[in-house]
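Going by our numbering, the sequence shown runs without a break in its numbering and finishes at 1296. Where is the CB? At the ideal position from N, CA and C, for every residue including glycine. Predicted model, so just to flag it, every value in this text is computed and none were measured. Encoded as structure tokens, the structure appears first; notes follow it.
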Amino acid sequence: MSFLSLKNISRSFGTTRAVADVSLDVAQGEFFGLLGPSGCGKTTTLRMIAGLEKPDSGSIEFQGADITNLPPERRGFGMVFQNYALFPHLNVYENVAFGLRARHKTKAEMAERVTSALELVQLPGYGKRAVDELSGGQQQRVAIARAIAIEPALLLFDEPLSNLDVSLREETRSELRELVTRLGLTAVYVTHDQEEAFALCDRISVMVGGKLMQTGRPRELYEQPAEVSVASFLGRNNLIKAMRLSSSKNNEGVFKTLEGGHTLHLPVKHDELAPLNKPVYLAIRPEHVQLSNNNGGDNTLPATIREIVFSGATSTVRIDANGLLLESLVLRTNGLEVNQPCTVVLSPDHLTLLRN
């Protein structure tokens, strides 16, 4: 039995369908991510889990019970919002104690839980501080302390780090993951930031246009995107449009690129093969595009270097293979020059056939 289960939930606002037949399962103790571009429906999905929005259709189950129509205050979930949602007229203590007071906890229990929550987010002794005296990072920690003080069965995060600067975001991200793991909590985390989702989450569902496109572990999504939309969103994929040449009986797929007219080979499954007359997309990450002096072998393409972009630890080399434009990520650019002829190798093991 899943800890949290969404079954074909949908939600529309007027004529706009924000979420379309989304189904997913979250295991107890899992840090689960909803990743996608702005407007894809991930926050609406989170709000339906929280009870702040009601699905037009479908159901939500928690620990085997249907909670679709249960009001948010009876779900026992903690939620951390993008804008923190702290009460400016209350000090830090009262903000953290707000959910406990609503649950009619005694003063002694409130004091114990607030103190413990502030210690967990590394803000001991901050109880009497005014909210407007705190930095953005400290305010975010207070919001997290308020969410965990009620000892929630499920913790929900709606882009909680997006308002922080880069260095503070990375620091808080690490602390957040460690805190959730140490407390043994289950979390659902919404973000548009691929790096953030990969660093925090055990599994991730990628949403595009209100639909759930693919669910998997971070490395699986990165290395084996199933859809063109997933490969496009998860950044810096080389997408190669091609036509299939090989028979569906072969275990090796042979494809001809529409740009450059190159022949590429890669292992495929029979059920993955597209019709002979239908264009498909092949994907390969820039770090797997090799520059070589070897002119032989499968998937070896003659090319010319068009641009070299230095980015610190790595550099991006943009290549033109007879009209097929590719990017290669390299550690060193020694001996590489713009307009220099080169050979590009697209390893069959790193080429992925995508579904349209």
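Nonlocal neighbours in the same chain, by C-beta distance under 7 Å from residue i, ignoring five residues either side
i: GLY1077; result: LEU1104, LEU1108, THR1112
i: ARG1086; result: ASN1035, VAL1036, PHE1038, GLY1039
i: LEU1271; result: THR1254
i: GLY991; result: LEU1010, PRO1011, PRO1012, ARG1015
i: CYS1185; result: Residue identity check: residue 1185 is Leu in the sequence provided, not Cys. Excluding residues within five positions, the ones whose Cβ falls inside 7 Å are VAL1194, PHE1195, LYS1196.
i: ARG951; result: ALA958, VAL959, THR984, MET988, GLU993, PRO995, ASP996
i: ASP1260; result: ALA1243, THR1244, ARG1246
i: CYS980; result: MET1147, VAL1148, GLY1149, GLY1150
i: SER978; result: HIS1132
Residue of the options minimising C-alpha distance to residue i
i: VAL1170; options: ILE1180, LYS1181, THR1155, ARG1184; result: THR1155
i: VAL1036; options: MET1183, LEU992, ARG1015, GLU1091; result: GLU1091
i: LYS1181; options: TYR1162, VAL1148, GLU1163, LYS1218; result: LYS1218
i: SER942; options: PHE1002, HIS1290, VAL959; result: PHE1002
i: THR985; options: TYR1033, GLY1149, MET1050; result: GLY1149
i: ILE1088; options: GLN1079, VAL1061, LEU1286; result: VAL1061
i: LEU1286; options: GLY1252, GLN1230, ASP1260, ALA1137; result: GLN1230
i: PRO1288; options: GLY1193, VAL1220, ASP1260, GLU1227; result: GLY1193
i: ALA960; options: GLY991, ASN1262, PRO995; result: PRO995
i: VAL1106; options: GLU1136, THR1121, GLN1079; result: GLU1136
i: LEU1291; options: ASP1260, TYR1033, GLU1163; result: GLU1163
Close Cβ partners of residue i (< 8 Å) along its chain, the five nearest in sequence each way excluded
i: ILE989; result: LEU944, LEU946, ILE1000, PHE1017, LEU1094, LEU1096, VAL1128
i: ARG1157; result: ASP1142, ARG1143, ILE1144
i: ALA1042; result: GLU1013
i: SER1172; result: LEU1179
i: ARG1117; result: PHE971, ALA1139, LEU1140
i: GLY1161; result: Correcting the residue type first, residue 1161 is Leu in the shown sequence and not Gly. Here the set comprises ILE1144, VAL1146, GLN1154, VAL1170, LEU1174.
Cβ-based neighbour list, residue i, same chain, cut-off 6 Å, excluding 5 preceding and 5 following
i: LEU1125; result: LEU1095
i: PHE1038; result: none
i: ARG987; result: GLU993
i: ARG1258; result: ARG1246, GLU1247, GLU1267
i: ILE1084; result: VAL1020, VAL1061
i: ARG957; result: GLY1150
i: TYR1033; result: VAL1054, GLY1067
Alpha carbon of residue i to alpha carbon of residue j, nearest angstrom
i: VAL1168; j: PHE1027; result: 43 Å
i: GLN968; j: VAL1020; result: 19 Å
i: LYS1209; j: ASN1191; result: 6 Å
i: ILE1245; j: LEU1074; result: 50 Å
i: VAL1082; j: LEU1123; result: 17 Å
i: PHE971; j: LYS1068; result: 32 Å
i: LEU1269; j: ALA1057; result: 44 Å
i: LEU1293; j: LEU1265; result: 18 Å
i: SER1114; j: PRO1064; result: 19 Å
i: GLU1052; j: LEU1222; result: 57 Å
i: ILE949; j: LEU974; result: 15 Å
i: GLY976; j: LEU1152; result: 9 Å
i: SER1102; j: GLN1022; result: 7 Å
i: PHE1195; j: LEU1206; result: 8 Å
i: THR1008; j: LEU1119; result: 29 Å
i: VAL1071; j: SER963; result: 39 Å
i: THR1256; j: GLU1267; result: 7 Å
i: GLY998; j: PHE953; result: 16 Å
i: ASN1031; j: PRO1165; result: 46 Å
i: VAL966; j: ASN1234; result: 48 Å
i: LYS982; j: GLY1237; result: 44 Å
i: ALA1005; j: GLY1252; result: 52 Å
i: MET1183; j: LEU1204; result: 10 Å
i: GLN1298; j: ASN1262; result: Examination of residue 1298 is not possible in this model, given that the chain is present from 941 through 1296 alone.
i: GLU1049; j: HIS1029; result: 23 Å
i: THR1046; j: THR1121; result: 28 Å
i: VAL1054; j: ALA1025; result: 17 Å
i: GLN1134; j: VAL1220; result: 25 Å
i: HIS1228; j: ARG1159; result: 15 Å
i: THR955; j: HIS1044; result: 42 Å
For residue j and residue i, believed in contact at Cβ under 8 Å, the rounded distance
i: GLU1099; j: THR1131; result: 6 Å
i: SER1232; j: THR1273; result: About 15 Å; that fails the 8 Å criterion.
i: ARG1295; j: ARG1225; result: Not confirmed; about 18 Å, so no contact.
Minimum Cβ-Cβ distance from residue i to chain C less than 8 Å
i: ILE989; result: Absent from the structure: chain C. Only one protein chain is present.
Next on the checklist: When you compare the region 1223 to 1241 with the region 1194 to 1208, are there three or more beta-carbon pairs, one atom per stretch, that lie closer than 8 Å?
Outcome noted: Contact between the region 1223 to 1241 and the region 1194 to 1208 is present, because at least three Cβ pairs lie under 8 Å.
Next on the checklist: Can you confirm whether the region 1244 to 1259 touches the region 1276 to 1288 when touching is taken to mean that 3 or more C-beta pairs between the two stretches lie within less than 8 Å?
Outcome noted: Flag = yes, the region 1276 to 1288 and the region 1244 to 1259 touch.
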